[in-house]
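In terms of the UniProt record's numbering, the sequence shown opens at residue 1 and continues consecutively.
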Amino acid sequence: MSCQTVVPLTLGQRIQDLRKQKGLTRAQLAQGLCDPLMIEQTETDIGRPSFTVLSGIAERLEVPFDSVMVDSQHNTECVKLFHQGMKNQQDRDYLSALECFEELVKRPFIGSIPKGDLLVNLAVCYLCSGQLMEATDWFYTALESAYATQDMETVVAVYKYLGHIEFQEQRFEHARRHFDRALALCGRLPEVTEYETTNLLILIGLCYFHLENSKDAMQIYRHAEGNCQSDPERQTLCFLQLMLSRVYAKMSKSWEAKLYLEKSVTLLHEIGVIDAERGIRTAWANFLDTCSAPMAIASLRPIAEFLDQNGYQVEAGLCYVELANSYLKRDQAFPPFHGTEHRGYVELAMDACREAELRLAESVLCLPFVQELRGRVLVTFPDLNQAAMAFRKAADGFKQQKLPKHWERMMNALSTIYCAQEGNGDTRESIGLTIRAKPELVNVRVLAGFSQRDLARKTGLSSPFLSQLEKGIRNAGPHSAKKICDTLAVDFEDVFELVKP
1 MSCQTVVPLT LGQRIQDLRK QKGLTRAQLA QGLCDPLMIE QTETDIGRPS
51 FTVLSGIAER LEVPFDSVMV DSQHNTECVK LFHQGMKNQQ DRDYLSALEC
101 FEELVKRPFI GSIPKGDLLV NLAVCYLCSG QLMEATDWFY TALESAYATQ
151 DMETVVAVYK YLGHIEFQEQ RFEHARRHFD RALALCGRLP EVTEYETTNL
201 LILIGLCYFH LENSKDAMQI YRHAEGNCQS DPERQTLCFL QLMLSRVYAK
251 MSKSWEAKLY LEKSVTLLHE IGVIDAERGI RTAWANFLDT CSAPMAIASL
301 RPIAEFLDQN GYQVEAGLCY VELANSYLKR DQAFPPFHGT EHRGYVELAM
351 DACREAELRL AESVLCLPFV QELRGRVLVT FPDLNQAAMA FRKAADGFKQ
401 QKLPKHWERM MNALSTIYCA QEGNGDTRES IGLTIRAKPE LVNVRVLAGF
451 SQRDLARKTG LSSPFLSQLE KGIRNAGPHS AKKICDTLAV DFEDVFELVK
501 P
């Protein structure tokens, strides 16, 4: 849920809301008090009414004068706290986000913050911190609130979240019912795309598939296939064809299964499996991005095994890469899926990397991306020596393929590892993140009265490193960036930016 439209409720807006609640027109409110134009200017925050006029407005609206003034100020504080919570949530600092949202829920007045957004974001933070019971309770609270205000967009979103939770708990019939309700209510939304309804159909089909109900799964998938034939990107169609192949195989219809599998694999390579920014990215996993982590993880391994069984080893290897990525991204972000409690997601990611390497060993194009992923997994153990070896292999592969951006990313990762091994403060946490200095860093340093040499002495960093950092030649690690920010007494966002590799 987005908070971009949440802005503080001004004094004028507060007066306007109270006037409408009382059923008064501007002329009625102004009668005997001031010109109606003054009321209009006050409500649009153009006018600056006197104390006497404001006091008269409060009396006519039958609210204490202090309440009008304090509520406006209180709303500004609420919006600030809400935005802070959203920022913490985006940074995956869910516990800090929970503190902000829980504080807002306790307050009787939150002004311009949509209650549905607040409750849903609170529930999402509980979900992402692994507290499923609390998340479920808050999702149902959000559902009741959304029904009361007829906020059908929030109702649909909540049903989808509840479906993902039930799927994670392997209660597939309950998950299907939630997705069914979301699909039925989509028709009430003012703007609903075929893409959204198709996604819900696929989620329902996945539930039927796990319920061993192949006939209903096939019918749902065929219906969804008809919906997305006009999709120019064809990624959803590619995933649907693969799922139809699996369903037909389960129904012992080998001819149809082979036909749809060939269609899906052909379309997969037509779309492409290498993303310029993110490396290996298949159309199959692009659809699963719209699902929860447990649904993606539960789907990718069986897909890889199915491809293996049918002789598509390279494509199975690509699936194992996507599976490793899913495990790595969700380590600490979601609780373990059933059957994996005894092993961390990182170990499962390493297993998936090994499977991918076995199948993609002869692929000159894909192997460097697999080695890069292996390095990122090894960093989280941490095994920095093995990680450095994997990054060097990946760098050599990217160099041979003349992919300078990917090669540079490997050099940054190796640099960070070497700094960590030498005790210079950069740790494994920075692998996977690129911390780049903004042009403002030079100005901030000069205004603070520091030369490069002074800053190097204060922070313990080298002058050449700082020079290259300011020129954009090198990137910073989290600890070196923190040292610079602390020394210059500025916020991280003032002089640095996070760039996804």
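A virtual CB, placed ideally from N, CA and C, is assigned to each residue, including glycine. Computed from a prediction, not measured in an experiment: that's the story for all the values here.
**Report entry** Alpha-carbon spacing of N325 relative to L378, whole angstroms
**Finding:** Put simply, the backbone Cα of N325 is about 13 Å away from that of L378.
Requested in this report: Inspect the CB distances between the segment 376-396 and the segment 411-418 and report whether three or more fall short of 8 Å.
Outcome: Yes: the two stretches touch, three or more of their Cβ pairs being nearer than 8 Å.
Report task. Please report how far the alpha carbon of V495 lies from the alpha carbon of R177, in whole angstroms. Result -> Between the alpha carbons of V495 and R177 lies a gap of roughly 49 Å.
Query raised in the report: Secondary structure at A352, three-state DSSP: helix, strand or coil?
Result: Note: A352 maps to helix in three-state DSSP.
Query raised in the report: Roughly how many angstroms separate the alpha carbons of C186 and R246, rounded to a whole number?
Result: Each residue's alpha carbon lies about 28 Å from the other.
**Report entry** Pair within 8 Å by beta-carbon distance, L81 and E102
**Finding:** No, they are not a contact pair.
Query raised in the report: Can you list, in chain order, the residues of its chain whose CB lies under 6 Å from that of K160, leaving out five sequence neighbours each side?
Result: In chain order, A182 place their CB closer than 6 Å to the CB of K160, counting only its own chain and leaving out the 5 sequence neighbours on each side.
Requested in this report: Look at the alpha carbon of L433 and the alpha carbon of T42, and state the distance between them as a whole number of angstroms.
Outcome: Confidence in L433 is poor, its pLDDT being 48 and thus under 50, which makes the residue's placement too unreliable to answer from.
Query raised in the report: From Y248, L318 and Q241, pick the residue whose C-alpha is nearest to that of G279; which is it?
Result: Distances from the alpha-carbon of G279 to those of Y248, L318 and Q241 put L318 closest.
Query raised in the report: Taking buried to mean at least 16 other C-beta atoms within 10 Å of its own C-beta, is D491 buried or exposed?
Result: In the assembly as shown, D491 is an exposed residue. Its beta-carbon has fewer than 16 other beta-carbons within 10 Å.
Query raised in the report: Would the beta-carbon of A437 fall within 8 Å of that of G472?
Result: The Cβ-Cβ distance between A437 and G472 falls below 8 Å.
Query - The alpha helix (DSSP H) enclosing P464, as first and last residue numbers - result: First-last of the alpha helix (DSSP H) with P464: S463 to K471.
Query - First and last residue of the uninterrupted alpha helix (DSSP H) at R222 - result: It spans S214 to N227 - the alpha helix (DSSP H) in which R222 sits, taken as one unbroken run.
Query raised in the report: So, L242 versus L261, is the Cβ gap smaller than 8 Å?
Result: Yes.
Query raised in the report: Whose C-beta lies closer than 7 Å to the C-beta of S96 among residues of the same chain, with five residues either side of it excluded?
Result: N88, listed in sequence order.
Query raised in the report: So the alpha helix (DSSP H) P368 belongs to, where does it begin and stop?
Result: Where P368 is concerned, the enclosing alpha helix (DSSP H) stretches over L367 to V379.
Query raised in the report: Quick check: the segment 361-370 against the segment 308-322, are there 3 or more CB pairs under 8 Å?
Result: The segment 361-370 makes contact with the segment 308-322, as at least three CB pairs between them are under 8 Å.
**Report entry** Cβ shell of V156 (< 8 Å), same chain only, five flanking positions each side left out
**Finding:** Its chain contains A182, L185, C186 and L189 as the residues whose beta carbon lies nearer than 8 Å to that of V156, once the 5 sequence neighbours on both sides are disregarded; these appear in chain order.
Requested in this report: Consult DSSP for G477 and reduce its assignment to one of helix, strand or coil.
Outcome: Under the three-state reduction of DSSP, G477 is assigned to coil, being neither helix nor strand.
Query raised in the report: How about V120 and T154: are their beta carbons less than 8 Å apart?
Result: Cβ atoms of V120 and T154: closer than 8 Å.
Query - Completely contained alpha helix (DSSP H) runs for the segment 269-322, where each covers 4 or more residues - result: As far as the segment 269-322 is concerned, its whole alpha helix (DSSP H) runs of at least 4 residues are 283-288 and 293-309.
Query raised in the report: What did DSSP end up calling A361 once you bin it into helix, strand or coil?
Result: In the structure shown, A361 sits in coil (DSSP, three-state: anything other than H, G, I, E or B).
**Report entry** Residue environment, A217, which counts as buried when at least 16 other CB atoms sit within 10 Å
**Finding:** It is buried - the Cβ of A217 has at least 16 other Cβ atoms within 10 Å.
Query raised in the report: Just the Cα atoms here: how many angstroms apart are A257 and R234?
Result: Using only the alpha carbons, I get a separation of about 19 Å.
Report task. Provide the residue(s) that pair with E497 in DSSP beta bridges, ordered along the chain. Result -> E497 is bridged by DSSP to R436.
Requested in this report: Going by CA-CA distance only, name the one from R301, E315, W284 and R445 that's closest to A349.
Outcome: Nearest of R301, E315, W284 and R445 to A349, Cα basis: R301.
Requested in this report: Taking the CB atoms as reference points, tell me whether E225 and L244 lie closer together than 8 Å.
Outcome: Yes; because the gap between Cβ atoms is below 8 Å, this pair is in contact.
Report task. With distances taken Cα to Cα, identify the nearest neighbour of residue 511 among A395, Y345 and V314. Result -> In the structure as shown, the chain begins at 1 and stops at 501. Residue 511 is therefore absent and cannot be evaluated.
Query - Nearest-angstrom Cα separation, counted from I15 out to G339 - result: Note that G339 scores a pLDDT of 38, beneath 50, so its modelled location is shaky and nothing firm can be said.
Report task. Give me the Cα-Cα distance between W255 and L201, rounded to the nearest whole angstrom. Result -> One Cα belongs to W255, the other to L201, and the distance between them is close to 24 Å.
Requested in this report: Figure out for me which residue from D275, L358, R374 and I274 has the closest Cα to the Cα of A304.
Outcome: Of the listed residues, the one whose Cα sits closest to A304 is L358.
Query raised in the report: Are the CB atoms of M411 and A394 nearer to each other than 8 Å?
Result: Contact: no.
Requested in this report: Can you give me the Cβ contacts of Q452 inside the same chain, cut-off strictly under 8 Å, excluding the 5 residues immediately before and after it?
Outcome: Cβ neighbours of Q452 beyond the five flanking positions: R445, S463, L466, S467 and E470.
Query raised in the report: Buried or exposed: where does G397 fall if 16 or more other Cβ atoms within 10 Å of its Cβ makes it buried?
Result: By the 10 Å Cβ count, G397 comes out buried.
Query raised in the report: If we ignore side chains and look at the alpha-carbon of each, how far apart do P114 and Y140 end up?
Result: Cα-Cα distance, rounded: 16 Å.
Query raised in the report: Which residues in the same chain have their Cβ closer than 7 Å to the Cβ of L360, if we skip the five residues on either side of it in sequence?
Result: For L360, where only same-chain residues beyond five positions count, the Cβ hits under 7 Å are V314, G317, C366, L367 and V370.
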